[in-house]
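First comes the structure, then the notes that go with it.
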Amino acid sequence: MITKEKREKMKRYRQKKKEKTASALSVNKSVDLRSQKTAELSRLEKKAVKRTNACRMRIKLNKSIQQECSQTDCEIGNTRSARD
């Protein structure tokens, strides 16, 4: 069973925790507007970086595919000319 002392101790603990969160929220409200803008900007920046990285990878992939195709075309062309 929970003793009376333990109940009081837990009650004080919960009260302190509520006070801490309330004070943290009041501080965050003033900073909230700036932090929202900053968070939005960083999110957009990350999104742009992902987009550019994806674009770079697509370009590299296309170049490598074109090189492979041109190499195989040359090989096929060489074998055809050798046969004729």
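Note that the sequence shown covers residues 1 to 84 in full-length UniProt numbering. Backbone N, C-alpha and C define an ideal beta-carbon position, used for all residues, glycine too.
- Thr38 carries a helical assignment under DSSP once its states are collapsed to helix, strand and coil.
- DSSP places Ile59 within a helical segment (H, G or I) once states are collapsed to three.
- Listed in chain order, the non-local C-beta contacts of Asn53 below 8 Å within the same chain number zero, local neighbours out to five positions each way being set aside.
- Taking the CA atoms as reference points, Ala48 sits about 53 Å from Glu8.
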